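Trainee: This is the structure I have questions about; it appears just below.
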Amino acid sequence: MSGTVAIYALCEFPELGAVRYVGQSVDPKQRLRSHVSTHRENNHKHGWISRVLSCGGAVGCLVIEWVRPEMASAAERYWIGELRARGYQLTNGALLHGPGQEYKPGANFDPLRSTVLLTQPHRFAMEWRPESRAWWVRAAATSGKQQPAAPGGRP
Numbered sequence: 003m004s005g006t007v008a009i010y011a012l013c014e015f016p017e018l019g020a021v022r023y024v025g026q027s028v029d030p031k032q033r034l035r036s037h038v039s040t041h042r043e044n045n046h047k048h049g050w051i052s053r054v055l056s057c058g059g060a061v062g063c064l065v066i067e068w069v070r071p072e073m074a075s076a077a078e079r080y081w082i083g084e085l086r087a088r089g090y091q092l093t094n095g096a097l098l099h100g101p102g103q104e105y106k107p108g109a110n111f112d113p114l115r116s117t118v119l120l121t122q123p124h125r126f127a128m129e130w131r132p133e134s135r136a137w138w139v140r141a142a143a144t145s146g147k148q149q150p151a152a153p154g155g156r157p
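If you're matching positions, the sequence shown starts at 3 in this note's numbering and goes up one per residue.
This is how it looks when you write it as structure tokens:
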């Protein structure tokens, strides 16, 4: 949206309820690409992205809301604090959390009801049906659980 800044959340696709990072950008699609291309940097966010990618998963970008540029930092701090208060395990640094200038959100954010703006690498929703072997392999790798037998009892 021209003249506005996106406050966005990164999550593991298709686990939209697992929000792990909140940021701001005038171009959230490009920002997601940047996060994924630099996932080898040494910090919590990039460690999480590396783990997701190494298991064959994808990182999704959800727009929480669009705000005026002068409100972007306050909105970002608000949403980091709000999502942490809801129990999300964010990888954002502590410096961004906390009260800033007074900010009133312009949106109610529910990741499970949000539209995925983009995933990196790109994924189609139908790739992640529970019946899909790829879904079970990724789910087992990220959860530490054993893989179920394939339909018909084949591994």
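The beta carbon of each residue, even a glycine, is placed where N, CA and C say it ideally should be. A quick note: this is a predicted structure, and the numbers were derived from the prediction, not measured.
1) Evaluate contact between the stretch 56-70 and the stretch 111-120, counting only Cβ atoms and requiring at least three cross-stretch pairs below 8 Å.
2) Note the first and the last residue of the continuous beta strand (DSSP E) segment covering residue 64.
3) In terms of residue numbering, what span does the alpha helix (DSSP H) encompassing residue 53 cover?
4) Closer than 8 Å by C-beta to residue 40: which residues in its own chain qualify, once you throw out the five before and the five after it? Chain order, please.
5) Among 110, 12, 16, 116, whose alpha-carbon lies nearest the alpha-carbon of residue 27?
6) With a CB to CB cut of under 7 Å and the five nearest residues on each side skipped, what residues in its chain are close to residue 93?
7) Do you know how far the Cα of residue 106 is from the Cα of residue 52?
8) Quick one: is residue 72 buried, meaning 16 or more other Cβ sit within 10 Å of its Cβ, or exposed?
9) Taking the alpha helix (DSSP H) that residue 80 falls in, what are its first and last residues?
10) With H, G and I counted as helix, E and B as strand and the rest as coil, what does DSSP make of residue 38?
11) What separation, rounded to the nearest whole angstrom, lies between the Cα atoms of residue 44 and residue 38?
12) Going by DSSP in three states, residue 32 sits in which element: helix, strand or coil?
13) Span of the beta strand (DSSP E) holding residue 121?
14) Taking the alpha carbon of residue 104 as the point to measure from, which residue in 85, 114, 80, 112 has its own alpha carbon closest?
Mentor: Short version:
1) The answer is yes - the stretch 111-120 touches the stretch 56-70, with three or more Cβ pairs under 8 Å.
2) Taking the first residue of the sequence shown as position 1, residue 64 is located at position 62. For residue 64, the enclosing beta strand (DSSP E) has its first and last residue at 60-69.
3) Walking along the sequence shown from the start, residue 53 turns up at place 51. Counted as a single uninterrupted DSSP element, the alpha helix (DSSP H) harbouring residue 53 occupies residues 46-56.
4) In the sequence shown, counting from the first residue as 1, residue 40 sits at position 38. Hits under 8 Å: 48.
5) On the sequence shown, position 25 is the one that residue 27 refers to. Residue 12 is the option with its Cα nearest to residue 27.
6) Stepping through the sequence shown from its first residue, residue 93 is reached at position 91. Within the same chain, and ignoring the five residues on either side of residue 93 in sequence, the residues whose Cβ sits closer than 7 Å to its Cβ are 22, 23, 46, 47, 50.
7) Here the question's residue 52 lines up with position 50 in the sequence shown. Here the question's residue 106 lines up with position 104 in the sequence shown. The alpha-carbon atoms of residue 52 and residue 106 are separated by roughly 34 Å.
8) As a working note, residue 72 is residue 70 in the sequence shown. The residue is exposed, with fewer than 16 neighbouring Cβ atoms inside 10 Å.
9) For the purposes of this step, residue 80 is taken as the residue at position 78 of the sequence shown. The continuous alpha helix (DSSP H) containing residue 80 extends over residues 74-87.
10) Working through the sequence shown from its first residue, we reach residue 38 at position 36. Residue 38 sits in a helix when the DSSP states are folded into three classes.
11) Looking up residue 44 in the sequence shown gives position 42. Looking up residue 38 in the sequence shown gives position 36. Each residue's Cα considered, the two are about 13 Å apart.
12) Within the sequence shown, numbered from 1, the residue matching residue 32 stands at position 30. Note: residue 32 maps to helix in three-state DSSP.
13) Here the question's residue 121 lines up with position 119 in the sequence shown. Where residue 121 is concerned, the enclosing beta strand (DSSP E) stretches over 118-122.
14) As a position in the sequence shown, residue 104 is number 102, starting the count at 1. Of 85, 114, 80, 112, the residue nearest in Cα terms is 80.
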